[in-house]
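Its first residue numbered 3, the sequence shown is counted upward by one per residue in our numbering.
All C-beta atoms, glycine included, are put in the ideal place defined by N, C-alpha and C.
What follows is one structure encoded as structure tokens, with my remarks underneath.
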Amino acid sequence: MKVRKAWLAACPALLVLALALIPPLVAGRARGPFFILLRFALVTSILVAPIPILPRLMALAGNLARKGRLFGQLVRGSNAGPDPSGLAIWVLRPLQGIGLSLIFAERFLNLLESFMGASRALMVPLALYVLGSALVSLLLSVVWGLDDLGMRLYNGKTGEIRTAGSGVGTILPLIFGAIGISSLFHRSSPLDASIDLLRILMALYPPHALFALCHWQFLSKRRDSLLEKLPAKKVETKVY
3 MKVRKAWLAA CPALLVLALA LIPPLVAGRA RGPFFILLRF ALVTSILVAP
53 IPILPRLMAL AGNLARKGRL FGQLVRGSNA GPDPSGLAIW VLRPLQGIGL
103 SLIFAERFLN LLESFMGASR ALMVPLALYV LGSALVSLLL SVVWGLDDLG
153 MRLYNGKTGE IRTAGSGVGT ILPLIFGAIG ISSLFHRSSP LDASIDLLRI
203 LMALYPPHAL FALCHWQFLS KRRDSLLEKL PAKKVETKVY
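Structure follows, in structure tokens:
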């Protein structure tokens, strides 16, 4: 990708990041923009870190598929997977990443509270989110890769073929995201809840949007070599 095209593709994420810098600048908080940029750099680095090892991750997925441990067998359609749309890159996939990261962070926080107590566990929310982001990056790198390469999961017992992201990549974030938003509005007034939700999205959207973009750019240049690492059978059945 040329430098100019790369900057244009990254404009939505950079625009949201620039908008997030405005409130602390207007309020006169000198350290606010610094911490926002630091958080952006940290989370983005963690999310994109597994992308260079995507070939190894796909090879691992292929080895698991040979043994039938990857929720079924990998099958390949007659054509390669369609390119993800702009809606997927800039809206759906970032929201998937944000939802899953928050789910992981919340689960880890609840686990720590049971062992350390609530007062001590609240001291490590950033570390928990960083850990959750790393796990989400590994998971979604493989899930998105399988979908973009046209790979599907075949259930030999039912004869169904499903996309890798049909469950963990789409359904879970939507369900838990809806639950989280509902609880947020129950705990505070609609105005305060809307402001908090907007802050969360503005803080987390830029890193996850750039992650989705970098993932697709890396995969699109290495599609053929990645397909070679995935053993797949051709099965004629209905895709759900």
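{"Query": "Chain-order list of residues whose beta-carbon lies under 6 Å from that of tyrosine 207 (same chain, five-residue window excluded)", "Result": "Val18 and Pro96"}
{"Query": "Lysine 231 versus leucine 141 - alpha carbon distance", "Result": "17 Å"}
{"Query": "DSSP-derived helix/strand/coil call for arginine 224", "Result": "coil"}
{"Query": "Same chain only: Cβ atoms within 7 Å of proline 35, ignoring 5 sequence neighbours per side", "Result": "Leu23, Pro26 and Leu27"}
{"Query": "Extent of the continuous beta strand (DSSP E) run through arginine 33", "Result": "Looking at the DSSP string, arginine 33 is not in any beta strand (DSSP E); the run it does join, the alpha helix (DSSP H), is 33-50."}
{"Query": "CB-CB length for alanine 15 against alanine 211, believed under 8 Å", "Result": "4 Å"}
{"Query": "Three-state class that DSSP yields for leucine 76 in the structure shown", "Result": "strand"}
{"Query": "Check whether serine 139 and proline 52 have beta carbons under 7 Å apart", "Result": "yes"}
{"Query": "N- and C-terminal bounds of the alpha helix (DSSP H) containing alanine 29", "Result": "13-29"}
{"Query": "Inter-residue CB distance, leucine 228 and proline 57 (contact presumed, cutoff 8 Å)", "Result": "6 Å"}
{"Query": "Under the three-state DSSP convention, the category leucine 232 falls into", "Result": "coil"}
{"Query": "According to DSSP, residues forming a beta bridge with methionine 153", "Result": "Arg78"}
{"Query": "Own chain residues within Cβ distance below 8 Å of serine 143, not counting five before or after", "Result": "Pro52, Ile53, Leu56, Leu59 and His217"}
{"Query": "Through-space distance from glycine 134 to glycine 101, alpha-carbon basis", "Result": "11 Å"}
{"Query": "Distance between valine 93 and arginine 37 (C-alpha atoms, nearest Å)", "Result": "Here residue 37 is phenylalanine; the residue named in the question, arginine, does not match the sequence. Phenylalanine 37 and valine 93: Cα-Cα distance of roughly 25 Å."}
{"Query": "Residues bridged to arginine 58 [DSSP beta-bridge criterion]", "Result": "Note: arginine 58 sits in no beta bridge, so no partner."}
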